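As they're listed, the protein sequences go chains A and B. Its first residue numbered 1, the first sequence is counted upward by one per residue in my numbering. Its first residue numbered 1001, the second sequence is counted upward by one per residue in my numbering.
Protein chains: 2
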Amino acid sequence: MERIGFIGLGIMGKPMAANLLAAGFPLTVHNRSRAPMEELAARGAATADSPAALAATSDVVITMLPDSPDVEAVVLGEQGVLSSIRAGCLFIDCSTIAPASARRIAAALAERGVEAIDAPVSGGELAAREGTLSIMCGGSAEALARARPIFAVLGSRTTHVGAAGAGQVTKAANQIVVALTIQAVAEALTLARKAGVEAARVREALLGGFAQSRILEAHGQRMLEGAFEPGFKLRLHRKDLGIALELGRERQVPLFGTAQVAELMDALLAHGAGERDHSALALLYERLSALGGPGGG
Amino acid sequence: MERIGFIGLGIMGKPMAANLLAAGFPLTVHNRSRAPMEELAARGAATADSPAALAATSDVVITMLPDSPDVEAVVLGEQGVLSSIRAGCLFIDCSTIAPASARRIAAALAERGVEAIDAPVSGGELAAREGTLSIMCGGSAEALARARPIFAVLGSRTTHVGAAGAGQVTKAANQIVVALTIQAVAEALTLARKAGVEAARVREALLGGFAQSRILEAHGQRMLEGAFEPGFKLRLHRKDLGIALELGRERQVPLFGTAQVAELMDALLAHGAGERDHSALALLYERLSALGGPGGG
């Protein structure tokens, strides 16, 4: 089995690394803070003090980090992966970052004879723990084939969408659809309730027709219950929309809807809702329609 | 079997009336233009020269008309249904109109001892022909029970959502979700294509996760193929969003997303796209991102 080095043991990264360890992969881990490293060390993982030290003893390096600058620093920076990784190794980035950044990293690694896969995931913490993530991959078919046994542990569905960066483009598209569908459901259910119709019945009726979606089912139910503990945090979804909007500017695609939802999310973030589930977008509608005032109903 | 009077033999109304006739209901029809009346007369329907004449010989009056003013005129106007309908009859409006209008009509009929159901449908012309419409009903449980044998012919799913007007509120909610989901899919697939990723693969990848919806499946496929013959016409969806926005103003719900999509639809209508399928919203993104110019890609 390939020796795996895993960098970034956050909410998503830690359970992903733990699953690889449980599946029998020899694992070395690195993280900025020590606590999660020690937790995995207690279960049999080796630890490394820097990305460079980790890459020196790994066949496959996986990163799961917050944003583009984090991945660039860990790969291209001082004591970074690039400084020690050997030709013939494989690099897999599961973070959600800008496609341009993913391509830069892939190009730098390619010069060292290292193939890169951008492999952002969806499904959240629960799917990370259960190994049922949906994985969107950009990279060569050969690199993908090599990574399959690893993805089989991490996720239940892996889609190869194109060359380096394509996984990140697909993830951006995914986050656009999820954000706008949440807005759609929030507007529809708030309107129904304020117009005196039981929102639960409306959700039920809509699930039977063209308005059906997984968001209406899952996040619609969250809105009915006011159950806004994450799930997927609003501030992280906002970060992902920033990537989508940047890509839209680069490619001259006017993302009217995405831009608007990002603004609405910012309004919620300004009121401290960033740690709530992204379905909490409904709170904005709830609050604004409860303002009352002259002529208020 | 109850004697049915059917008013409004348009794209939706004609196949609905034909299905009731085929199911054995004694049927009288009325329409502004004569051609569809004669077509149904040839298959055994009686015809009436006015809504009043039709209502005088019917136990159940059904309307399927373009908009609120049409239904109000046919029911409340000169030679209208209200002038001749007898106590104990049932009125069913399958049009998509303003909830306030539906309530006004129900109140006027109630004074004459006539119960009303607002029963807007979704599923389009195909479902109208096949008798597989999804029907969203507002009215009393007793009226609904009485209408069941009729709805069983017209649709495959009938949901009772509340009192008079609730069906129209639900339909407005439905049209909001459908419009914003179409926008979501249009932004996501246009962005993916302009960023060099095959949109078909992105659609496929997204269908496996939280971005899944019937719109992504059906209308996403239309966008990939550029297949914008209706379906459901853009101008009719825009009309329905007008009802939703009016309801939002009445109930003080700020429908940011709905308002924006309505504006974008207006831009397309101004360019003559009103007779296309509502998934043609994607054309707007397609065209704007193809403008090029200085720095254009």
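Beta carbons are placed, not taken as given, at the ideal position from N, Cα and C, and that holds for glycine. Predicted model, so just to flag it, every value in this text is computed and none were measured.
If you measure from the beta carbon of Arg249(A) to each beta carbon in chain B, is any gap under 8 Å? no
So within the region 211-237 of chain A, which uninterrupted alpha helix (DSSP H) runs reach at least 4 residues, ignoring any that extend past its ends? 214-225
Could you spell out the range, first to last residue, of the beta strand (DSSP E) harbouring Asp1266(B)? Where Asp1266(B) is concerned, there is no enclosing beta strand (DSSP E), although the alpha helix (DSSP H) it sits in stretches over 1256-1270.
Please confirm whether Gly1124(B) and Ala1163(B) have their CB atoms less than 8 Å apart. Contact: no.
Taking 8 Å as the threshold, find out whether the region 173-184 of chain A comes into contact with the region 251-258 of chain A through three or more Cβ pairs. Cβ pair count under 8 Å is three or more, so yes.
At a CB-CB cut-off below 8 Å, which residues of chain B make contact with Met136(A)? Ala1205
Is it true that the CB of Ala1107(B) sits closer than 8 Å to the CB of Gly1080(B)? In this structure, Gly1080(B) sits away from Ala1107(B), with a CB-CB distance that is not shorter than 8 Å.
Hey, how far is the Cα of Arg203(A) from the Cα of Leu1027(B)? 34 Å
Verify the CB distance criterion: does Leu1076(B) have a CB-CB separation below 8 Å to chain A? no
Can a CB atom of chain A be found closer than 8 Å to the CB of Val1185(B)? yes
Please name the residue in Ala1199(B), Val1197(B), Leu1224(B), Gln1168(B) whose C-alpha comes closest to that of Ser1101(B). Gln1168(B)
Kindly indicate which residue of Val1060(B), Arg1104(B), Asp1049(B) has the alpha-carbon position closest to the one of Arg1148(B). Val1060(B)
Along chain A, in chain order, which residues have C-beta atoms closer than 8 Å to that of Ile1176(B)? Ala184, Glu187, Ala188, Leu191
Beta-carbon gap between Val1177(B) and Leu269(A) smaller than 8 Å: no
Are the beta-carbon atoms belonging to Leu1224(B) and Ala1195(B) less than 8 Å from one another? no
Closer than 9 Å, Cβ to any Cβ of chain A: which residues of the region 1264-1289 of chain B, in chain order? The residues in question are Leu1264, Leu1284, Tyr1285, Leu1288, Ser1289.
Nearest-angstrom Cα separation, counted from Met1064(B) out to Met16(A): 55 Å
Sort Ala98(A), Ala42(A), Leu288(A), Leu264(A) by Cα distance to Lys171(A) and report the nearest one. Ala98(A)
Using a beta-carbon distance below 8 Å, is Lys233(A) in contact with chain B? no
Which word fits Thr159(A), buried or exposed, when buried means at least 16 other C-beta atoms lie within 10 angstroms of its C-beta? buried
Does any C-beta atom of chain B lie closer than 8 Å to the C-beta of Lys194(A)? yes
Going along chain A in order, which residues have a C-beta closer than 8 Å to the C-beta of Gly1123(B)? Gly209, Phe210
Would you please state the rounded distance, in angstroms, between the beta carbons of Cys94(A) and Ser58(A)? I believe it to be under 8 Å. Under the criterion of beta carbons closer than 8 Å, Cys94(A) and Ser58(A) do not qualify as touching, at roughly 15 Å.
Can you tell me which of Glu1130(B), Ala1143(B), Leu1126(B), Gly1272(B) puts its alpha carbon nearest to the alpha carbon of Ala1116(B)? Ala1143(B)
Using C-beta distances below 7 Å, list every residue in its chain close to Ala1127(B), excluding the 5 sequence neighbours before and after it, in chain order. Leu1133
Alpha-carbon spacing of Ile7(A) relative to Ser33(A), whole angstroms: 11 Å
Nearest chain B C-beta to Gly242(A) closer than 8 Å, yes or no? no
As a quick exercise: from Leu1216(B), Met1012(B), Leu1040(B), pick the residue whose alpha carbon is nearest that of Glu1187(B). Leu1216(B)
For Phe1306(B), which three-state DSSP category applies? One cannot answer for residue 1306(B) here, as it falls past the ends of chain B, which runs 1001 to 1297.
Simplified DSSP assignment, three categories, for Asp240(A): helix
By the criterion of Cβ-Cβ separation under 9 Å, what are the contact partners of Arg201(A) in chain B? Thr1159, His1160, Val1161, Gly1162, Ala1166, Thr1170
Would DSSP call Ile7(A) helix, strand or coil? For Ile7(A), the three-state secondary structure derived from DSSP is strand.
Unbroken beta strand (DSSP E) run spanning Gly1138(B), endpoints: Run containing Gly1138(B): 1133-1138, per the beta strand (DSSP E) assignment.
Strictly by DSSP, which residues pair up with Phe91(A)? Val61(A), Ala116(A)
Three or more C-beta pairs below 8 Å linking the region 1274-1283 of chain B and the region 1218-1234 of chain B: The region 1274-1283 of chain B vs the region 1218-1234 of chain B: in contact.
Three-state secondary structure assigned by DSSP to Gly1162(B): Strand, per DSSP.
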